[in-house]
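Structure first, commentary second.
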Amino acid sequence: MTTNKKRALFILRISFLFTTDNSHYVKLYRLYKFKINTLNLTNNLTDFPKNVTIFQLGGLYISTYVKNDFTVSSNKNYLDVELIYNYLHDEAYWSKGIPLRLVEKSIQNSICFGVFAGDPEKGKSKQVGFGRIITDSSTFAYLADVFILNEFRGLDLGKSLVQTMINCPSIREVRRILLATKDAHGLYKQYDFQAVKDKNLFMDINQKDIYNKLS
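Here the sequence shown stands for residues 4 to 218, numbered as in this note's numbering.
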């Protein structure tokens, strides 16, 4: 076994960040898309956790296939920025009117996850969902801009996306993970999110018309 393959296996064994089912398989890539190894997790690998997800760790990208030929990937190279912008600008209640440059800047400065119909690594895919994490990777993380396109809802893709995001290795040690939602409380409760009990605990500056001023 080559050194690269041993390193990839070692990372998987110490990560314990696995959250779909073991009928899926994981592909590991170097930052420059050099293929290291493909692990088929359908076998009885008792030394691996039961479930598997995707994340980005250092120079490695890890992609996990989810059911019905959909893929979740943390590789920013696969993101359809125009699709993300169109949704956030035109449809998302929390960001309508956001300028393209701010969407691009937010992607650049976040850990991002795309949901795809097909396999983006093979070039035959369509992005159908997105989410990003804002974090210092030490004490705090915020889940933002999480969405699945309307025509692809009802396939549990939102669950796969959120599950993948909260198991990202960059936020494994943070003390608090926050998010804001108007209508998806049921989804997030499945992953241990709870309403803030003490409403006096948090304060915010909410510039609701900021995008109108910038346009």
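We treat Cβ as the ideally placed atom computed from N, Cα and C, and that holds for glycine.
Quick caveat: nothing in here was measured; it's all calculated off a predicted structure.
Nonlocal neighbours in the same chain, by C-beta distance under 7 Å from residue i, ignoring five residues either side
i      : result
Phe37  : The predicted model places Phe37 with a pLDDT of 34, which falls under 50 and marks its position as unreliable; any figure quoted below should be read in that light. Excluding sequence neighbours, Phe37 sits near nothing in its chain.
Tyr214 : Gly100, Ile101, Pro102
Asp201 : none
Thr49  : The predicted model places Thr49 with a pLDDT of 34, which falls under 50 and marks its position as unreliable, so this point remains unresolved.
Phe196 : Leu182
Same chain only: Cβ atoms within 6 Å of residue i, ignoring 5 sequence neighbours per side
i      : result
Tyr194 : Val165, Ile169
Ser98  : Leu91
Ser163 : Val69, Val75
Asp72  : none
Phe119 : Thr74, Ser128, Gln130
Gln59  : With a pLDDT of 46 at Gln59, under the threshold of 50, the predicted position of this residue should be treated as unreliable, though the coordinate-derived value follows. Contacts found: Ser77.
Per DSSP, the bridge partner or partners of residue i
i      : result
Val84  : BP columns for Val84 are empty, so no partner.
Asp122 : Lys127
Val69  : Phe73
Ile114 : Ile136
Residue range of the unbroken beta strand (DSSP E) whose run includes residue i
i      : result
Gln130 : 127-138
Ser76  : 73-76
Residues of its chain near residue i, where Cβ-Cβ distance is below 8 Å and the 5 sequence neighbours each way are ignored
i      : result
Val106 : Val84, Ile87, Tyr88, Leu91, His92
Asn203 : none
Ser141 : Glu176, Val177
Leu217 : Pro102, Leu105
Val199 : Phe205
Lys211 : none
Tyr191 : Val165, Leu182, Thr184
Tyr96  : Lys185
3-residue-minimum beta strand (DSSP E) runs that sit fully inside the segment 134-214, ordered along the chain: Within the segment 134-214, the complete beta strand (DSSP E) runs of at least 3 residues are 143-151, 179-181.
Flag this pair as touching only if the segment 150-164 and the segment 172-179 have three or more C-beta atom pairs under 8 Å; answer yes or no. Not touching, per the Cβ criterion.
Would the segment 139-148 and the segment 120-128 be scored as touching if the rule is three or more Cβ pairs under 8 Å? No, the segment 139-148 is not in contact with the segment 120-128.
Just checking, does the segment 113-124 make contact with the segment 180-197 on the three C-beta pairs under 8 Å criterion? The answer is no - the segment 180-197 does not touch the segment 113-124, with fewer than three Cβ pairs under 8 Å.
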